[in-house]
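Those letters in the sequence shown? Residues 1 to 704, by full-length UniProt numbering. Built from N, CA and C at the ideal position, the CB exists for glycine as well.
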Amino acid sequence: MNDQSRPRACDACRRKKIKCVITEEHSSCSHCSARGDNCTFDHPTPFKRPKQAYVAAIEMRVSKLESLVARLAPPGFDYMKEVGPPITAESFDNNPTKTRKRKQSGDIAKIPVEDDDDASDAELLEVERKIRKCLCINDPVPDLQRYYGPSSTAILFTAAQVYGGQLDDNSKASLLRPKFWQDNERIAEEKMDDDILPILPSDYPTNLDKLVELYFEHVNNYFPLLHKETIIQELQYRKLDRSFAGVIMLICAIASKYSNDPSVLPVDNDSLSVGQKFYKTYKLKCRRNQLAAPSLNDIQSQILLQWYLQSTPFSKASWCINGLTFSYLQDKGYHKKTSSDDYVNDECEEGSSSQSTSVKRRAFYCAFVQDKSLSALLGRSAMMHRHFDVQQPSTLPDEVGTSMELSIKYFKEIIKLYSIQDEVLEALYGTKKSSSHFPEDKVKESVAKIAQLNDKLYRWSEDIDLELKYNSNCSDDFTHSLMSNLRIAYHILQIFTYRNFITMPRRSTFRSTSLSVATQASINLLNIWYAKAQRNKQHGFVDMLIATSPFVVCLVLVISACECRKYAGETADLLELKYIEIGLRLCREGEKYNYYNGKESDLLIQLLHMCNLHVDVNNLPVVEEYENTSSGSSTFSLDTPPSTEHTQRLYLDLLGSINANVDAPMKDDTSMATVDNLDSILNDYPVTNTVDEQWRSFINTLDF
């Protein structure tokens, strides 16, 4: 046997699929030698060729299939160009197939199909559409359709029905018992909720058009949840529709915050109660148990409800409501490119299919931003990570040339930025333990993560749309407000990237550098907030993470001031105190409309008293009366009851337990951790295993 035809294993090794090791020619392999068998390496069993009858049967079958393909192919289609000429004995001997270059499956051109071709993708999608629709038979309302994923019974039902024939609607109805199919989910739910009061025309305010206009000016321009033209058109004929009425009532409740019309103000003129009467109408007449599949208006109402509650004592309830919103979004399939509504009627809700799809995307990403904002603010896990496939929202044709073009660009940048925020929380605040066993390795691992996150933040700031890149000299107030919000969110992410090392000062060797970076970011953030407040008193709507940022950065500045004072002495003129006063004034200005701002200002004043930081808190004016030259060295006085002496002593003892002194605040962002300066920013502070639980407990009590 020549070397080319000799097998690489004997018969025994080949049957067992093991390596055949032979050391000398004309000898047994190691496996056969160990078992005492005759090795057939030099004399393998001859290859058994298939019987001639078997080959003839295959050739006959192939010829029949070729003739069948020729009959089914459209006129003018030559399949020989794709699979090659027929193979005969003569052509095979002259040009063996083993030397031919085989075509890849992707190289074969698609055969043009007719409408009745069962094998086409369009037909398969149509079958799936019909089957999913069959699961909600007698539900003519498209809103009642739900989304079914690949593992659902709907797909199995689709596969089973392929074997059956077609039935007309009458035949289908005759096979269904009315007891189980008489009412759809929405009708059945309304029968159970018959005690809910009906919507009346008198429930709407006389200045409804003005409130709707205020909403789109101050809220929708920043978070484009709704399509203005659709809302205005449907106001003419859907006022008595409970789902749509819920959207309008919450629009009025939110817009009342921006209105000076006496008719929307409460009887006691309490600014914190503005919009309550519209919320009560929504709660009594519009909100349901949601047993039936939610409509798009139901999902929009859930998002609007979160935005309204943001300024009330129940702001933290938004996290639970947003979780329900995500359940609704997945129930309808809005987290996928093709939702359940698309399987029924693409033009059933908002006019054209493209318009309907765009509005659904906006609803999804509004909930997405809420999820990232609230999870960071409340220290909880995000509800939606990467298990979605939704394109970013786009501008509709009637919005071209309006302010919505810039609003959509702004919204996309917020989505990108909060996606990075999600990575920050997952990398630095997640529950997954570090793989390192030594504290020094954990520090280096954390710094490496920070370097990667800073690189992403830097790339975002470089790639941002030029129209939205921060410019303090921008002449347009609306554009300046969008720029400011993006820059504020950027600095919030900087602080979150380093903040984890500040709250446990005795354990983190990276604390000093982290505090310096967070302090500089806090100062930059307050400068932008102050400039925005000076230009536009009624600035646009922002999410909770941005709205509470003045209070958060003031906490960072308090820690930085205490560290600087410990290093420079009690009489040091601290820059942090001036910016703490700015943050306190921002909170005081916002408490006229937001409940949490009032709680924040009280907690901040209490904290300043406990730390003996001298900031003027008497007769705090509004932000626009603030002079940038004000000093932080004025006499300290409280307008809230002082804390107990024990609490003061406890807090000062906790601050005194910090090991290292703070460095001077950085002048720019170039000192942040990057891949290039990873080792240089690690300080040689001793690492201890003691964690001050009292310090963590006190920080956790600072609620907004």
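- Query: From P397 to K316, what does the alpha carbon distance come to, in whole angstroms?
  - Reply: Here residue 397 is taken as the residue at index 397 of the sequence shown, counted from 1. Here residue 316 is taken as the residue at index 316 of the sequence shown, counted from 1. Straight-line Cα distance between these residues: approximately 37 Å.
- Local conformation of H218 per DSSP, three classes: Indexing the sequence shown from 1 puts residue 218 at position 218. If DSSP states are grouped into helix, strand and coil, H218 belongs with the helices.
- Message: Residues in the same chain with beta-carbon distance under 7 Å from A427, minus the five sequence neighbours each way, listed in chain order, please.
- Response: In the sequence shown, counting from the first residue as 1, residue 427 sits at position 427. Excluding sequence neighbours, A427 sits near K449, L453.
- Message: With distance defined between alpha-carbon atoms, name the residue in N524, D463, E591, L296 nearest to F575.
- Response: Walking along the sequence shown from the start, residue 575 turns up at place 575. Before going further, note that residue 575 is Leu rather than Phe in the sequence given. Comparing Cα-Cα distances from L575 to each of N524, D463, E591, L296, the minimum goes to N524.
- Within the 7 Å Cβ cut-off, does Q300 reach chain B? The question asks about chain B, but that chain is absent: this structure has only one protein chain.
- Item | As assigned by DSSP and simplified to three states, the class of G583 | Position 583 of the sequence shown, counted from the first residue, corresponds to residue 583. Correct three-state label for G583: helix.
- Message: For V369, tell me which candidate among S354, G323, W529 has the shortest Cα-Cα distance.
- Response: What you label residue 369 is simply residue 369 of the sequence shown in a count that begins at 1. Of S354, G323, W529, the residue nearest in Cα terms is G323.
- Rounded C-alpha distance that separates Y258 from F501: Within the sequence shown, the letter at position 258 stands for residue 258. Within the sequence shown, the letter at position 501 stands for residue 501. Roughly 39 Å separates the two Cα atoms.
- Answer with buried or exposed for A34, where buried requires no fewer than 16 other C-beta atoms within 10 angstroms of its C-beta. Within the sequence shown, the letter at position 34 stands for residue 34. By the 10 Å Cβ count, A34 comes out exposed.
- Query: The alpha helix (DSSP H) spanning P85 covers which residue range?
  - Reply: The sequence position of residue 85 within the sequence shown is 85, counting from 1. Here P85 belongs to no alpha helix (DSSP H), and DSSP marks it neither H nor E.
- Message: Quick check for students: name the residue ranges of the alpha helix (DSSP H) that lie wholly in the stretch 150-175, counting only runs of 4 or more.
- Response: 153-161, 169-174
- Item | Residue environment, A561, which counts as buried when at least 16 other CB atoms sit within 10 Å | Position 561 of the sequence shown, counting from 1, holds the residue named residue 561. The residue in question, A561, is buried, as its Cβ has 16 or more Cβ neighbours within 10 Å.
- Item | Per-residue burial, Q233 [other beta carbons within 10 Å of its own, 16 or more giving buried] | Position 233 of the sequence shown, counted from the first residue, corresponds to residue 233. Classified as exposed, Q233 has fewer than 16 neighbouring CB atoms from the shown chains inside 10 Å of its CB.
- Query: Contact check, D298 vs S243 under 8 Å by CB: the rounded distance?
  - Reply: What you label residue 298 is simply residue 298 of the sequence shown in a count that begins at 1. What you label residue 243 is simply residue 243 of the sequence shown in a count that begins at 1. The Cβ separation is near 5 Å, so the contact holds.
- Query: Of all the options P198, K283, N485, which has the alpha carbon lying nearest to the alpha carbon of M544?
  - Reply: The sequence position of residue 544 within the sequence shown is 544, counting from 1. Checked all of P198, K283, N485; the closest Cα to M544 is N485.
- Just reading off the alpha helix (DSSP H) that N471 is part of, what are its end residues? Residue 471 sits at position 471 when you count from the first residue of the sequence shown. Per DSSP, N471 belongs to no alpha helix (DSSP H) and is neither H nor E.
- Query: Would a C-beta distance cut-off of 7 Å place V21 and S30 closer than the cut-off?
  - Reply: Position 21 of the sequence shown, counted from the start, is the residue given in the question as residue 21. Position 30 of the sequence shown, counted from the start, is the residue given in the question as residue 30. Yes.
- Item | Per-residue DSSP class, three states only, for E589 | Reading the sequence shown from its first residue, position 589 is the one you call residue 589. Reduced to three states, the DSSP call for E589 is helix.
- Task: Flag this pair as touching only if the stretch 264-275 and the stretch 607-614 have three or more C-beta atom pairs under 8 Å; answer yes or no.
- Result: no
- Residue range of the alpha helix (DSSP H) that M60 falls in? Taking the first residue of the sequence shown as 1, we reach residue 60 at position 60. For M60, the enclosing alpha helix (DSSP H) covers residues 52-72.
- To the nearest angstrom, how far is it from the Cα of S171 to the Cα of T158? In the sequence shown, residue 171 corresponds to position 171, counting from 1. In the sequence shown, residue 158 corresponds to position 158, counting from 1. Going by the C-alpha atoms only, they are around 19 Å apart.
- Query: Where does R459 land, buried or exposed, given buried means 16+ other C-beta within 10 angstroms?
  - Reply: Within the sequence shown, the letter at position 459 stands for residue 459. So R459 counts as exposed.
- Quick one: what's got a C-beta closer than 8 Å to M483's C-beta in the same chain, skipping five residues either side? Locating residue 483 in the sequence shown gives position 483, where the first residue counts as 1. If we look at M483 and ignore the five residues flanking it on each side, its Cβ neighbours are L468, K469, Y470, N471, C474.
- Cβ-based neighbour list, L305, same chain, cut-off 7 Å, excluding 5 preceding and 5 following: Taking the first residue of the sequence shown as 1, we reach residue 305 at position 305. Cβ within range, chain order: L250, I321.
- Can you have a look at T519 and say buried or exposed, based on whether 16 or more other CB atoms are within 10 angstroms of its CB? The residue given as residue 519 occupies position 519 in the sequence shown. With 16 or more other Cβ atoms within 10 Å, it is buried.
- Task: For L240, collect the residues of the same chain with a Cβ closer than 6 Å to its Cβ; drop the 5 residues on either side in sequence, then sort them by chain order.
- Result: Sequence index remark: in the sequence shown, residue 240 carries index 240 (1-based). Hits under 6 Å: I199.
- Quick one: what does DSSP say R35 is sitting in, helix, strand or coil? Within the sequence shown, the letter at position 35 stands for residue 35. In the structure shown, R35 falls within a helical segment according to DSSP collapsed to helix, strand and coil.
- Message: Looking only at its chain, what residues have a beta carbon closer than 8 Å to the beta carbon of S419, apart from the 5 residues adjacent to it on each side?
- Response: Within the sequence shown, the letter at position 419 stands for residue 419. Hits under 8 Å: K372.
- Taking one C-beta from the stretch 408-418 and one from the stretch 355-369 each time, how about it: are there three or more such pairs within less than 8 Å? yes
- Item | Pair within 7 Å by beta-carbon distance, L225 and R361 | Translated into positions along the sequence shown, residue 225 becomes position 225. Translated into positions along the sequence shown, residue 361 becomes position 361. The answer is no: Cβ separation not under 7 Å.
- Hey, quick one: how far does the alpha helix (DSSP H) through N562 stretch, first residue to last? Reading the sequence shown from its first residue, position 562 is the one you call residue 562. The sequence shown places Cys at residue 562, rather than the Asn named in the question. Run containing C562: 549-568, per the alpha helix (DSSP H) assignment.
- Could you give the residue range of the alpha helix (DSSP H) that holds K416? The sequence position of residue 416 within the sequence shown is 416, counting from 1. 404-428 is the span of the alpha helix (DSSP H), which, as asked, contains K416.
- Message: Can you tell me where the alpha helix (DSSP H) holding D298 begins and where it ends?
- Response: The residue labelled residue 298 in the question sits at position 298 within the sequence shown. Taken as a continuous stretch (DSSP letters only), the alpha helix (DSSP H) holding D298 covers 296-309.
- For K285 versus L156, is the C-beta spacing smaller than 7 Å? Position 285 of the sequence shown, counted from the start, is the residue given in the question as residue 285. Position 156 of the sequence shown, counted from the start, is the residue given in the question as residue 156. Contact: no.
- Task: Ignore the nearest five residues each way along the sequence and tell me which others in F216's own chain have a CB closer than 7 Å to its CB.
- Result: As a position in the sequence shown, residue 216 is number 216, starting the count at 1. Around F216: K228.
- Query: With a CB to CB cut of under 7 Å and the five nearest residues on each side skipped, what residues in its chain are close to L702?
  - Reply: The residue you call residue 702 lines up with position 702 of the sequence shown. The predicted model places L702 with a pLDDT of 40, which falls under 50 and marks its position as unreliable; any figure quoted below should be read in that light. Here the set comprises L555, L603.
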